[in-house]
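Some notes on the structure that comes next.
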Amino acid sequence: MIHQYTLKTDKQGFYNITGIIERAVAESGIDEGICTVFCPHTTAGITINENADPSVKSDLALALDKAFPNQSEFTHMEGNSAAHVKAAAIGQSASIIIGNHRLMLGTWQGVYFCEFDGPRERNFIVRIG
Amino acid sequence: MIHQYTLKTDKQGFYNITGIIERAVAESGIDEGICTVFCPHTTAGITINENADPSVKSDLALALDKAFPNQSEFTHMEGNSAAHVKAAAIGQSASIIIGNHRLMLGTWQGVYFCEFDGPRERNFIVRIG
Amino acid sequence: MIHQYTLKTDKQGFYNITGIIERAVAESGIDEGICTVFCPHTTAGITINENADPSVKSDLALALDKAFPNQSEFTHMEGNSAAHVKAAAIGQSASIIIGNHRLMLGTWQGVYFCEFDGPRERNFIVRIG
């Protein structure tokens, strides 16, 4: 079962997509399996992190900016190489275990689409199986 | 087949859980498939790295501290945002191929639960399928 | 269905293995599923990033060198701890959704074997299911 979703990002940041994925799992009727969430972009990613205090999202963005700043030696003409390396460090997918018809996320975990460039029209793909 | 395990971390660091996972795979009787190891926490993660020289673990911790230090601009009140970003960079899961009834890990690879905060009572989930 | 491949890396960098994986998926005849690409090494990894401008690859290498430099405090005798931490940040596997008999990669995405040490004879494993 494969679902494709569109997301309009209005700026760089972390977009909570947990509800969308939970709904897809519930509608699938699947009892046990794996939910794969995939980002088909090279300057965006998928991560799982805190769903409670929104300041974690801004701290994550700040920490990634500090670890992977723009470098004067970068040669990629589009000028978004920092976004490419953040995407590589965060990763393009999440594999979440499904048990008892639901995502086995921890209490404080949410799934986020990470926009490191944009604003852009983006997509993500969810496979349940 | 889903297994849940508890782990008591006594400090930050990398806890080798390879043996636990190998046992679950052996007991499952599965010949070929995927073993998904998932961490349901937001300041901890799962990584695969060297199982031989223990100094690699302390070097990993040092390198992550340098790349993702505490920042005075962090606003998350709990004060553990560096742990959140380390968890995001390392990732919450590992997907390991099972072939011939065993994990197809490389000779020098072990699977580690990464405690970036704690000490804490932690969990991890293993799904074989 | 499990395939093992050998790769001779002549220096550190990103080696495009997309074509090899696409061929394995096509030959499998599978319509829908997951393609897991796994790196059984501790100083190498698997990433998905831009397949068009080759300068992205050198910018990624530069950014990872800056974020995870060699540290005088490292104690691992082999002297390649920076490679170990890059491997941990990038990750050892990619999980790519298969739909309509093909990898559902984005237009600009390619799959790369990342050599952070070497030159070396390396392996990677592809599981389709």
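Protein chains in written order, with this note's numbering: chain W, 207 to 335; chain E, 207 to 335; chain P, 207 to 335. For every residue, glycine included, the Cβ atom is placed at its ideal position computed from N, Cα and C. Owing to the predicted nature of the structure, the values given are computational and were not obtained by experimental measurement.
Query	Result
Chain E contact for W:E238 (CB, 8 Å cutoff)	yes
Every unbroken alpha helix (DSSP H) inside the region 274-298 of chain W [4 residues or more]	287-296
For W:G312, the nearest candidate out of W:I302, W:F274 and W:A269 (CA to CA)	W:I302
Range covered by the beta strand (DSSP E) that runs through E:T350	Given a span of 207 to 335 for chain E in the structure shown, any question on residue 350 of chain E remains unanswerable.
Closer than 8 Å at the beta carbon, the chain W residues around P:N255	T248, H290, A293 and A294
Assigned secondary structure, W:G219 (DSSP; H/G/I helix, E/B strand, else coil)	strand
Reference E:I227, options E:H247, E:I252, E:K217 and E:Q218, closest by Cα	E:I252
Complete runs of the beta strand (DSSP E) confined to the region 222-259 of chain W [at least 3 residues]	239-244 and 250-256
Residues that W:H282 contacts on chain P, provided the C-beta gap is smaller than 7 Å	D259, S261, V262 and D265
Neighbour-count burial assignment, W:P325, 16 or more Cβ in a 10 Å radius	exposed
Under 8 Å by beta carbon: chain P residues contacting E:S301	T242, F244, S299 and S301
Opening and closing residue of the beta strand (DSSP E) in which W:G316 lies	Q315 to E321
Cβ-based burial, P:A294 [other Cβ within 10 Å; buried from 16]	buried
Chain-ordered chain W contacts of P:G305 [CB-CB under 7 Å]	I208
Beta-carbon proximity list for W:W314, same chain, < 8 Å, skipping 5 on both sides	E256, N257 and A258
Where P:S287 meets chain E, residues with beta-carbon distance less than 7 Å	V262, D265 and A269
Residues that P:L309 bridges to, as DSSP identifies them	P:I304
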